[in-house]
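**Student:** Just dropping this structure here.
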Ligand SMILES: [Zn+2]
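In my numbering, the protein residues as written are 105 to 369.
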């Protein structure tokens, strides 16, 4: 009896062991997250970012929401991005002018999207991102990253940002050191700020009621950048917070989790 039991355990152990071997030989990650790959920093130039975790250096690879079910590569490593169901969000906008745009508004959004796109191409070599974010605003998460969106029942692009609802006028803080590279008032985003945290890590803040910084300002983490509002296309006051790394929109909520970097090891 004892022998059979032991064999059974042994068998289970073998299965678990071979499963974990498979996982090791094929890196797997979740869409919207970062994947840490150990590197030798002597092989790096000033154009790449790396991060020190527990005395070792890692390159963080952003796993794109838009590449679920595909592989991304870095050096000799391949990472498989799992498919994930993030749920959906349905909102109703009764002001038809905000849903079916006039020619004039459409022209405006095209111009604005090219201004924003240009800012997102920024790549400053002077700053090394720390990936050590604090929450930019005290509030309640009203829409998570990754949700499939429907406006008045028609499908839109997924919500690759974090919405934090808070009363109009609530302070918004820089969640990490950086430099203000764009301030604007846009059709969709309202009063809008873009911060460059260095080497491809960029964050943006939409729908602000006021802005308390200027383009070119160097920011310290925790510094006030503006206040929550409902400017642009919104259903109520909230901060729409987007984080880009190497042009991939990653999940801001993960970045503000305690000890996030260590969870990547
Ligand atoms: Zn949003």
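Idealized CB from N, CA, C, for every residue including glycine.
1. For the beta strand (DSSP E) holding residue 249, just list the boundary residues, first then last.
2. Report yes if the CB atom of residue 265 is closer than 7 Å to the CB atom of residue 344, and no otherwise.
3. Are the CB atoms of residue 168 and residue 352 nearer to each other than 7 Å?
4. Near residue 162, what residues of its chain come up, given a Cβ to Cβ distance below 7 Å and the 5 sequence neighbours on each side ignored?
5. Between residue 301 and ligand 1, is the CB less than 6 Å from at least one heavy atom?
6. By the three-class DSSP mapping on this structure, what secondary structure does residue 264 have?
7. May I ask you to verify whether the stretch 175 to 184 touches the stretch 306 to 325, counting CB pairs closer than 8 Å and requiring at least 3?
8. Just to confirm my understanding: we take residue 305, look at its own chain, exclude 5 residues before and 5 after, and list those with CB closer than 6 Å. What are they?
9. At a threshold of 6 Å, does residue 278 count as lining ligand 1 (C-beta to nearest heavy atom)?
10. Kindly indicate which three-state DSSP category residue 346 falls into: helix, strand or coil?
11. In three-state terms, what does DSSP make of residue 224?
12. Can you say whether residue 307 is buried or exposed, counting buried as having 16 or more other CB atoms within 10 angstroms of its CB?
13. Leaving out five residues on either side along the sequence, give the residues of the same chain with a beta carbon under 6 Å from the beta carbon of residue 126.
14. I'd like to confirm something about residue 311: is its beta-carbon nearer than 6 Å to some heavy atom of ligand 1, or not?
15. What does a CB cutoff of less than 8 Å around residue 187 pick up in its chain, not counting 5 residues either side in sequence?
16. Beta-carbon within less than 6 Å of residue 360's beta-carbon, same chain only, minus the 5 sequence neighbours each way: which residues are those?
17. Taking only beta-carbon atoms, is residue 234 less than 7 Å away from chain B?
18. Report yes or no: do the stretch 288 to 300 and the stretch 325 to 339 share at least 3 C-beta pairs separated by less than 8 Å?
**Tutor:** In this structure, then:
1. Counting from 1 along the chain shown, the entry for residue 249 is found at position 145. Premise fails: residue 249 is in no beta strand (DSSP E) and is neither H nor E.
2. In the chain shown, residue 265 corresponds to position 161, counting from 1. In the chain shown, residue 344 corresponds to position 240, counting from 1. It is a contact, given that the beta carbons lie within the stated cut-off.
3. Along the chain shown, read from residue 1 onward, the residue named residue 168 stands at position 64. Along the chain shown, read from residue 1 onward, the residue named residue 352 stands at position 248. The Cβ-Cβ distance between residue 168 and residue 352 falls below 7 Å.
4. Reading the chain shown from its first residue, position 58 is the one you call residue 162. Closer than 7 Å at Cβ, skipping near neighbours: 140, 141, 142, 143, 154 and 155.
5. Counted from its first residue, the chain shown places residue 301 at position 197. Distances between the C-beta of residue 301 and the heavy atoms of ligand 1 are all 6 Å or more.
6. Here the question's residue 264 lines up with position 160 in the chain shown. Here residue 264 sits in coil by DSSP.
7. no
8. On the chain shown, position 201 is the one that residue 305 refers to. Once the five neighbours on either side are set aside, the close Cβ partners of residue 305 are 233 and 349.
9. Counting from 1 along the chain shown, the entry for residue 278 is found at position 174. Residue 278: no, Cβ never under 6 Å from ligand 1.
10. The count along the chain shown starts at 1 and reaches residue 346 at position 242. Note: residue 346 maps to strand in three-state DSSP.
11. Locating residue 224 in the chain shown gives position 120, where the first residue counts as 1. In this structure, residue 224 counts as helix in the three-state DSSP scheme.
12. On the chain shown, position 203 is the one that residue 307 refers to. Buried, because 16 or more other Cβ atoms sit within 10 Å of the Cβ of residue 307.
13. Residue numbering aside, residue 126 sits at position 22 when the chain shown is read from its first letter. Because the pLDDT at residue 126 is just 47, under 50, the model does not fix this residue reliably, and the point stays unresolved.
14. What you label residue 311 is simply residue 207 of the chain shown in a count that begins at 1. False, no ligand heavy atom lies under 6 Å from that Cβ.
15. As a first step, residue 187 must be located in the chain shown, where it is residue number 83. Excluding sequence neighbours, residue 187 sits near 135, 172 and 173.
16. Along the chain shown, one-based indexing puts residue 360 at 256. The residues are 237 and 239.
17. Within the model displayed, chain B is absent; a lone protein chain is all it includes.
18. yes
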